Every structure is written in structure tokens, then in C-alpha cells.
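Notes to accompany the following structure.
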Amino acid sequence: MNTVSAYHNMTTETHRRSAIEIARNRLMIGVVLFCFAFLIMIGRTIELGVSAPKPRVTATRQVVTVPEVQIARADIVDRNGEILATNLETASLYAVPKDIKDPQEAARQLVSILPELSYADVEAKLSSGKKFVWLKRKLTPRQKWEVNAIGEPAFQFEREEERIYPHGRLAAHVLGYVDVDGNGLGGVEHFFDAKLGDKSRTSEQLQLSLDIRVQYALADELQAAMRAYQAIGGAGLVMDVSTGEVIAMVSLPDYDPNNVRGVADTEKFNRATKGVYELGSTFKTFTFANALDDGVVSMEDGYDATKPLRISRFLIRDDHPKERYLTVPEIFTFSSNIGTAQMALDIGTERQQEFLGELGLLQPANVELTEVGAPLVPPVWRKSSTMTISYGHGLAVSPLQLASGISAMVNGGRLMTPTLVHNPENWQTGKQVIAPDTSRKIRQLLRMAVTKGTGGRADAVGYRVGGKTGTAEKAIAGGYARKKLISSFMGVFPMDDPQYAVFALLDEPKGTKETFGYRSGGWVAAPVVRNVILRSAPLLGVSPKQEDAGLYQDVALLIEDKKKK
Amino acid sequence: MIALSRNDNSVLSRWWWTVDRLMLVLVLALIVLGLWLALTASPAVAERLGLDSMYFVKKQGLFLGVSLGAVLIVSMMSTDLVRRLAIIGFPITLVLMALTLLIAPEIKGATRWLPLGSFTLQPSEFLKPVFIVTTAWILSADLNGEKIPAKQISFALYLIVVAFLISQPDFGQTVLVSTVWMGQMALAGLPMTWLMIAGGLGLLGAGLAYALLPHVASRIDRFINPASGDTYQTDKAMEAFGSGGLFGKGPGEGVVKLGLPDAHTDYIFAVIGEEFGAIAGVMLLLLFAGIVVRGLAHLVNEENPFRLLAAAGLIMQFGLQTLINVGVNLAILPSKGMTLPFVSSGGSSMVALAIGMGMTLAFTRRNRFIQPGFDPVGWRAAE
């Protein structure tokens, strides 16, 4: 080993030693760093361990945040807030045909779940290779679940809303219906389509004046009568006489607005507003109010009704002929056409026209529906027209117009615009069309017609019902059909403080054994009104009570008992 | 105690008398503990994945058996043998990494696993110990005075390894390997200036990763600002520690773990926190810290530069991996996939760590009756 080599070894050894020394020092730094890091971990572990266990958020975390439901259309409710129309979320099925591997199998499975689809049609759609095809709108939740269970990713759903009418047929003609895209096509759905469908106002409910409980009573009774008398149709109304609000409105036959497919036009036809009828004797109320208000007659006056009245080429007869001189209250109570026609002649054609026009009976009713019928007014208003119209023939109006006019006759003489919307802020005092005293007299007459006259079957015990029967022969081409009647009853209760007008109409009723073959308004429609009053008066807050006979005494004394000839 | 005579010159006898027994006990304790902990955390995951509830336990048991054997066998090898095997193993793992990139399927956004029969092999786990030993070998040549550009060569190898890791991509492993390599460089006497530059480069690299790799960016964003994204795992882990309290809910009684993804791997420490409590968690951390500190402190007396660098590197890898995993569980570090040594389920990781610990034990074997640097009769040569 030479010196150089030894030196070299020495330096190498020194170099190694110093390097090892650096390594050792740095190793110690490393140990310190590791200790430090582990101490942090230990501290943090203890910190987390002693931290109060957070309330378990597992459950809330797992709750799927449901996106706020965007209601596409506002709800419709009745006067008490009962929902009449609302929206349910539903799903519509579409497919992405280009992603389907086995269209035949997919179509087969789908048709087994939705049998109303045709296999050939579905198969063609799924084989089309398109990017999008509708398969079925608005599936039920069960159907949606079953379609999902197929496991075909190309079947997808679009969230949609379906308009639902929880009460079904009840109030169908008032509510109307919507098409598959939610556009209102009838009733208030159509009239208020813009408001209901306004996306920014969907939380504003449309509150109708209807009381669905009264609606049910009316629909039920009318339906029963229609069945019993085999009528081809019916119409009914309950109106608040002091506000003009429609509490119930029924037209039969009706339909289910939840499913309008295949519903005939006759079923969609609203007889209470669109249908116009010659309503018969109920119209006498207007003639009497007109005559009394103008001072043409007084209650003590009378007319000769001993024989039919000849006017040009036809005769005016009485359905219940008394063949004697009748006082004004008797003419009303016994529904004498002969007496009423003479009274109308005393009023005069012009004045009669003016008066009926004031009551809104010569123009279409102004109500929140588009299904409003225009009255059928004689093209030339002759003397004969004046006479027949006085007892309800020759002028056809809708039941809504009649109810509105009668309300004005009994409520002190104020004509209210009929309305389907409950909006107390908009109530008006109405236009005074007859004097309050005339209205009082009309109330007496209407009550007498029930207690002593043709409307006896409408007398709901305790509710002081007043009213007038109406029986009209149906107008057909070129004349009247004697066998086809429009039988109706216009009732008001309680007569000492009129609150509600109740109207019932049956189209072409047939007589039964129970009615001894009769099918006039007093026989078939008056009982409907009585039953509706008995069922709905408690709901409307009208209580039965003993009648104050003194209110009617002066008029009653002018009526000879009908049993005597 | 094993009755081994000091006169017995067999491999087993020499091993028994020279191995760092404290370290050995700590490592074996950890391995046994790992199996026991796997019993509590993994059935929930197995059931969620629709497997037999004992699936991960059985798998873990199998790997622990293999690991136990690996620790013992490798620790019995001589330093030279271990070094040679590692130097041979390094290119092999690089080839496997390349194969992984070419043929392996993508799992959770990364290609790290090589299908191997019914198992999957993660070559990057095996790469770590052999790379560390290879680095130690190259750097020690410099310390031994041999005139080669050791640091430059080592840097080149490091770049190759990092390139593979990033291309997988595996940001966590990149950070781990980089830190360990820098640690080894530091031990090998890299000047302070260079260390600082390297630190700066490391930060730059992290910044680049943040800018270029979306999943890295998303994880760091969520760490810095939890409101910016889904922090479901971190929230669950926090909830688990809170639910466990100091004493835990009892083995198998955890409820938060049922909703914790990767409860059996990356988030097992949170499950331990829930079921055994914070105190048990601290004890487990003390066990890990004990292995690291004992291992590193034991090296202070080491005279052989290669053994020092290699063992220190392996222990740093073990310690850093632990710290990263626990740090993620404790929401101190941003989320990254790093297993908890010997406790987390995961075959490749466990066997590779076992080999690493076996190597560490092999490098730290010495006659404890001879003071380092004092070798009057050449005892050390006998080892």
C-alpha cells in the first residue's frame, strides 16, 4: 500500500465519515419531523374523538331534494275552499329508438303493460331509429313503475301535469275541461284560461261561488227526477238572490271532465246557460211585477177568465180553468193564462219589451262562461207576442237568466249580475228595476202559489218556500208539440227574507203512476226544488221556523179556496 | 422463546440473534392487529358490494399470511442478497408498470391494476421498495467515494419512475415517492440550496398537477373549500370519529361506516375511530410512530451508507404512507388513495409493504453487542 493510495484511502474514509455524519444529523431531523407529524395526527384524533357527536345527518342527507313542483295551472276551489280542479304530477313515456337494441322485445314488453297501445304501431316507432318518439302521454304511477321495471334505458319519461277534477262529474259544466296540453276548453277553465294558465300566477286560486255540497244535492235530486220521469235532460240552479252568486248549477246529462274522450256534444251542452227555453208560467212573475210596479193593476183588481181568449187565429186557454172572474192574486196562484194575457195587453207591448229588456232577458246573460245562449226573441213583437210572452211562450231564455230575473223580483227589486266567482269585494248594490213594495207583493204572490196554488209540492216544511211552476210545450218547427214539455219550477226561500232561488227543469219528462200521468212543473219539478231546499238549507245556514201568516193575510183573503168552483 | 444456541451458525440462528427484535415485534403486532381490524370494517363493505360478508376478511387473512412469510423470509436475507434482488426487481416492476399502462382496465379513473388470474396486481406498490433500495445503492456509491455521477443517475431514474406514476395517473404515489427520494438525497448529503430548490420544484409540480389534472384540482378545491363540491367521504369520516367518541361504539357496532365508501381501504382509520374510539386510534398511531421512530433512531449508529440510506428510505415510505392515509382520514390532507400499512385491505399494497419491512429488518440486523464504529476483531465481517 503506497502513500498515495493510503492517502486516498484516508481521504475516502474521511469523506465517508463526514458524509455519514451529515446523514446522521439529517436523520435526527427526520425523526423529529416524523414525531411532530405523528403528534399532530394524535392531537387531531383526540380532538375529533371528544368533539360532540354531530346529530346524525344521514337521514336528511339521503332525502332527495325534490325540485319545487312547477304548477302549470292554478287550482279552482269552491266558496269554502274545497278543491274542484287541481294538478297532479304525471309522467309521459317517450323512447329514444336509436338506442334500442331489440325493438321487437321492447315493444312486446311495453304492450303487455300498456295494452291500449298497438304492438305494430309501437314496434314501428321503436324500429324507426329516430332520436325521439312519444309513446304514451300521462301514465299512472303503477304503469310508470312497470315500464321502468323493463329496464330498457331507451324508455324515458317526461314530467307532466294532469288536470284533475276530484269531484268528477259534479259541476262539470261550470268547471269545463282542458285538453292534453292543459288548455281550457270549456266552462270557467276556458273563460279564465289566460289567468289560470299564467305561469306567474299559478298560486292564485280561482274561487268560485259554488258550494259543492249544494251542488251535490241539486245534481243528485235532479238526476233522480230525470231517471224517475225518463226526461231527456235537466237543468238546475241555486242562486244567492242578494248577490247574484251561483251556488249550484247543474246540467244533465253531464260528463266527467277527467276523461272527455268520446263525450258527446249533448253531454257537454250546458242547459243552464246555453240552453234557452220557453219557460212557461214562471214568466208570469215578470208580467205581474211589471203591471203592479207600473200601477196598471192593483192586487184588488181582476180579470174575466170565464172562457178562452181568442187572439187572431188561436185560443189562449188555462191549464187549470176556473171559468170565472179571477182576482190578481188568483190569476197568479191558479196560473191563469187568460188573466195574465189581458194584464199584458194593459201593460202594452212597448212597456213589456222595455221591462223585459231591463231585466236582461232579451240579451245573452253576462256570466263567466262562454257557453251562453242568446234568447230567442220574436222577430216581430206583435200583440199576440205580448200576450203569449206574458205567460212564458214566444220568448226563450236560459234558466240562468230566469233565476237572475226572479232574484231581482224578490230581493227588493235590485237586479244583480249573475256570477260564478266568489269575490265579495265586487258585490254591487244592483240596479233597482222594481220598487221594494212591488217586490214585497211578488213575494206574497209566490208564497201563495205554493200554499194555495200549483206549486204545493215545492213546500219544504219550515222553509217558507215561494215559487212558480212552469210548464211549456216544446217549440218545434212550425208550432208546438203538445206531448213534449219543458217542466220547471222556480222556487225562492225563505219567502219572508228571500235568500236563495232554486230552479229545476226537466226536458220532456214522462208521467208516472205516482204523478197520475201528470208531467207538469208542479208535479215533476216542484218536488226536486223541495228536496234540494230540505237538503241544502241547513248547509246554507237557513233554519226552519214557524211561518208568520200575517205577512200574507191581505193577499190570502183575495184568493178563494181552490176546491170551490 | 425460541431456543437457539449462540453457537448455532444456521441462518435462522444468526437471524434471531441479530434482528432488531423490538422492530420485529412491532411489525408483527401491526400485522395481527390489521387482520383483527379488517374483521370489523370490511364485512359492511363486502355486503354492500354483494359479496360474502367475510370476503375481505378471508382475502385479508390470505394476504396477511403471505405478508408474514415475506417479512420473515426477506428479513433473513443478507444485505447483499436483498440489494441484488431489489436491483433486479426495479426494471421488472418498471416493465410491469408499462404493461399496466398498455393493457390494464381503467378503474375509478386510473389504470393501476394489472389483472393476474383472480387477483389484480398493482405494480406501483412493488416499485416503491425496489426503487428506494436501488436509489440507496446508487447514492451510497457516492458516499463510498466512487467517482460516478450518482446523484445525476438517481435523478434520471427518479424521473422515469415519476413519469410512469403520473401517466397512470397516481398523484398520491408521486408525492410519496418524490418525498422519500428527496429524503434519501438529503441523507446522502445534498446541499441545503438544492434541497430548497427541490422543495420549490415540488410545490411547482403540485401546482402543475393542480392545473393540468382535473381530479387533483377537484380534490384540492374540496379540501380547501368544502362547500365547493361533494365532500361526502370527508363528512362521513368526521361523523364516524364523532360517533365513536373516546371509547368507540364497540367492534362491529359502527353505523356511520355503513355509509362510508372505501371503509375497508382508504377510510379504515375512521372506522377504527368509530368502533374502537379515539384512544384506540391514538394507540394505533403510537404503534406506527413507534415503528418509524425506532427504525430511524436505530439507524443513527449505522456505519454502512447503503444500509442507512436504504433502511431510512423504506421507513420513510412506511411512515409517510401512514401519515398521508391518516391525514386524509382526519381531514388534514386532501383526499387521495393511500392505504394504511397492514391495516387497509389490499393485497399488492400489503405484500409490497411486507417486503419493504422485511428489507428494513434485513438492513438493520446487527450484532447488538458491538458498538458501531468499533470493530476491533472484525465481528461485523462475520455477519
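Keeping their order, the protein sequence lines are chains A and B.
Take the first sequence: its letters are residues 212 to 776, numbered as in the working numbering.
Take the second sequence: its letters are residues -17 to 365, numbered as in the working numbering.
Every residue gets a Cβ at the ideal spot worked out from N, C-alpha and C, and that includes glycine.
All of these numbers come straight from a predicted model, not from anything done at the bench.
Range of the contiguous beta strand (DSSP E) that encloses residue i
i, result
"Phe366/A", "Phe366 to Ile375"
"Phe229/B", "Phe229/B -> no beta strand (DSSP E), and no H or E assigned at all."
"Ile522/A", "Leu520 to Ile522"
"Asp515/A", "Gly513 to Ala516"
Alpha carbon of residue i to alpha carbon of residue j, nearest angstrom
i, j, result
"Asp718/A", "Gln367/A", "50 Å"
"Ile114/B", "Pro131/B", "18 Å"
"Gly184/B", "Glu357/A", "57 Å"
"Tyr388/A", "Ser699/A", "28 Å"
"Arg267/A", "Glu221/B", "Note that Arg267/A has pLDDT 47, beneath the 50 cutoff, so the model's placement of it is unreliable and the number below is only indicative. Each residue's Cα considered, the two are about 8 Å apart."
"Thr346/B", "Ile69/B", "19 Å"
"Lys231/B", "Pro468/A", "60 Å"
"Phe714/A", "Asn742/A", "12 Å"
"Lys166/B", "Phe251/B", "Note that residue 166/B is Gln in the sequence shown, not Lys. The alpha-carbon atoms of Gln166/B and Phe251/B are separated by roughly 28 Å."
"Asp476/A", "Glu582/A", "12 Å"
"Glu758/A", "Leu463/A", "34 Å"
"Ala52/B", "Met320/B", "21 Å"
"Ala767/A", "Ala459/A", "33 Å"
"Gly125/B", "His226/A", "Inspection of the sequence shows that residue 125/B is occupied by Leu rather than by Gly. Spanning the two alpha carbons is a distance of roughly 7 Å."
"Arg65/B", "Leu242/B", "41 Å"
"Ser327/B", "Ser57/B", "23 Å"
"Gly641/A", "Thr723/A", "43 Å"
"Pro278/A", "Glu369/A", "Bear in mind that the predicted position of Pro278/A carries a pLDDT of just 45, short of 50, making it too unreliable to give a figure here."
"Asn298/A", "Glu373/A", "5 Å"
"Ile375/A", "Ile423/A", "16 Å"
"Val507/A", "Leu606/A", "22 Å"
"Gly362/A", "Gln315/A", "15 Å"
According to DSSP, residues forming a beta bridge with residue i
i, result
"Lys347/A", "Leu304/A"
"Ser699/A", "Gly681/A and Leu716/A"
"Ser462/A", "Ala446/A"
"Tyr711/A", "Asp451/A and Phe704/A"
"Phe186/A", "Residue numbering for chain A in the displayed model covers 212 to 776; residue 186/A lies beyond these limits and cannot be assessed."
"Leu626/A", "Lys642/A"
"Ala502/A", "Ala502/A pairs with nothing; no bridge assigned."
"Ala692/A", "Lys685/A"
"Tyr488/A", "Val608/A"
"Glu456/A", "Thr630/A"
Residue-chain proximity (residue i, chain E), Cβ-Cβ < 7 Å
i, result
"Phe345/B", "The structure shown contains no chain E; the protein chains it does contain are A and B."
Residue range of the alpha helix (DSSP H) that includes residue i
i, result
"Tyr536/A", "Per DSSP, Tyr536/A belongs to no alpha helix (DSSP H); it is in the beta strand (DSSP E), Arg535 to Thr538."
"Tyr37/B", "Tyr37 to Met58"
Among the options, nearest to residue i - alpha-carbon criterion
i, options, result
"Ala500/A", "Ser414/A, Glu771/A, Met620/A and Pro326/A", "Met620/A"
"Gly304/A", "Leu295/A, Leu751/A, Ala318/A and Leu631/A", "It should be noted that the sequence gives Leu, not Gly, for residue 304/A. Among Leu295/A, Leu751/A, Ala318/A and Leu631/A, the Cα nearest to that of Leu304/A belongs to Ala318/A."
"Ile558/A", "Lys594/A, Thr581/A and Thr630/A", "Lys594/A"
"Ala614/A", "Thr628/A, Tyr602/A, Lys479/A and Gly398/A", "Thr628/A"
"Gln299/B", "Arg65/B, Ala334/B and Gln42/B", "Ala334/B"
"Thr368/B", "Ala293/B, Ser317/B and Val325/B", "What is shown of chain B runs -17 to 365, which leaves residue 368/B out entirely."
"Asn311/B", "Gly301/B, Ala336/B and Asp248/B", "Asp248/B"
"Leu328/A", "Ile311/A, Arg348/A and Val425/A", "Arg348/A"
"Arg562/A", "Val588/A, Glu316/A, Thr498/A and Tyr514/A", "Thr498/A"
"Ala313/B", "Arg255/A, Ala365/A and Asn470/A", "Arg255/A"
"Glu107/B", "Gln155/B, Ala344/B, Trp18/B and Gly295/B", "Gln155/B"
"Leu570/A", "Ser601/A, Thr599/A, Gly616/A and Ile600/A", "Gly616/A"
7 Å Cβ cutoff met for residue i and residue j
i, j, result
"Gly678/A", "Val661/A", "yes"
"Glu257/B", "Val238/B", "no"
"Val608/A", "Pro590/A", "no"
"Gln416/A", "Asp289/A", "no"
"Leu290/B", "Glu284/B", "yes"
"Asn622/A", "Ser453/A", "yes"
"Val457/A", "Leu580/A", "no"
"Gly379/A", "Ala283/A", "no"
"Arg42/B", "Ala11/B", "Just to set this straight, residue 42/B is Gln in the shown sequence, not Arg. Going by C-beta atoms, Gln42/B is not nearer than 7 Å to Ala11/B."
"Gly603/A", "Gly491/A", "yes"
"Glu478/A", "Tyr466/A", "yes"
"Arg237/A", "Ala123/B", "no"
"Ile13/B", "Leu50/B", "yes"
"Val735/A", "Ala669/A", "no"
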